[in-house]
Amino acid sequence: MSAIVAISSVAVILIGLGPEVEFVASVGKNIDGLDLNNPQCLAVNPVQEEFLVADALNDRVVIFDTLGQVVHAFPLGSGRRNPFGIAVNSQGQILVGAMDAPELWLFDYSGVFLESFALPDSVLPGRLLFHDNGEILMVDRSGKGIMRLDSAGNVLGSIVTTDPRCKPSSVFIDGSHHLAMISSGGKVMTGFDQNGQVLYSIGDHGRRPEDFSYPTATLVDSIGWLWVIDSFRHHVKRFDSKGNFVDIFGQRGVNPGEFYFPTDIKLTPSGKLAILDKGIGRLQIFRLTYGEK
């Protein structure tokens with residue numbers, strides 16, 4: 086497995102009120118002879134610390150370790166193209182969503198195709214999340230919220246917002262363990278109770294530092310901070326556990342700690358942060374350090 090990896094063990098990118106962010110690696114070139122091409126989404130393998138990339142225009146999944154080395158890559162196979170959402174369950178099985186069709190595909194860790202889940206014709210699958218309760222949570226890019234599926238891909242229901250401007254882009258579990266959604270239109274973050282009722286809708290699109298242009302994905306770190314990708318502004322906004330805006334990480338560019346249309350963000354339990362740059366086909370990996378330096 087070949088790849089070109091840029092690595093630095095000493096470049097501290099961000100020091101502030103929260104964790105120190107240290108650049109580890111950048112990868113995306115010459116992976117089995119192909120550069121990452123329009124990569125869409127990221128996943129973390131809960132079985133072992135790895136990052137998985139849905140490499141859309143190469144019709145494949147690429148798996149990296151937390152130092153940016155390629156573990157392996159596999160093609161989606163005949164009739165399966167343009168992967169978008171991706172998630173890994175506790176058995177190491179990989180679930181991939183089609184960008185342009187109402188289908189989900191399940192693979193084993195080695196890339197062997199297991200089965201396909203058909204979705205309603207009106208659905209366009211987006212980002213995916215395996216919930217601790219066994220459900221599959223899926224953004225419906227053609228709708229106003231999140232679809233709930235059982236482990237066999239059967240639709241259990243939907244959780245939606247009444248905001249007519251909503252354009253759901255990501256699903257996550259917030260710091261209070263509520264299901265929540267990121268939207269690239271209308272209110273940025275919406276949280277739901279266990280019955281699917283809206284608990285809160287916060288965050289605006291605008292020109293203030295804390296406002297968004299085109300949010301696509303988020304994560305909650307170990308101290309409850311929220312990191313949100315603002316793709317069209319080429320950076321990550323950080324909010325504390327109370328929802329207060331803290332700072333901005335990154336700017337437009339191609340150097341370590343800079344981004345060009347970032348699209349997804351993930352964090353491993355050990356504090357390795359990955360940010361996917363769709364615009365230049367690159368995965369950047371950072372190390373987060375908390376507490377006294």
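Position 130 (the sequence shown) corresponds to 215 in the numbering used here; numbering is contiguous. Positions of the beta carbon are idealized from the N, C-alpha and C atoms, including for glycine. The structure displayed is predicted, hence computed values, not measured ones.
Under DSSP, D225 forms a beta bridge with P210. Positions of the beta strand (DSSP E) runs, each at least 3 residues long and wholly inside the segment 130-181, are given as 135-140, 145-150, 155-160 and 168-173 in order along the chain. By the beta-carbon neighbour count (other beta carbons within 10 angstroms, threshold 16), N143 is buried.
The Cβ-Cβ distance between A302 and S254 falls below 8 Å. According to DSSP, residue pairing for M266 in a beta bridge involves V256 and T275. Nearest neighbour of L352 by Cα position, chosen from W312, N218, Q154 and R367, turns out to be W312. The C-beta separation of G182 from L189 comes to about 5 Å, placing the pair in contact by the 8 Å criterion. Taking the CA atoms as reference points, V132 sits about 8 Å from N174. Assignment of S111 by DSSP, reduced to helix, strand and coil, places it in the strand class. Distances from the alpha-carbon of N239 to those of F202, M266, V138 and Q178 put F202 closest. For A172 against L180, the beta-carbon gap comes to about 5 Å, under 8 Å, which counts as contact.
R318 carries a helical assignment under DSSP once its states are collapsed to helix, strand and coil. Taking C-alpha positions only, N130 is separated from E295 by approximately 31 Å. Residue burial annotation: Y194 is buried, with at least 16 other C-beta atoms found within 10 angstroms of its C-beta. For V305, the uninterrupted beta strand (DSSP E) segment begins and ends at P300 to V305.
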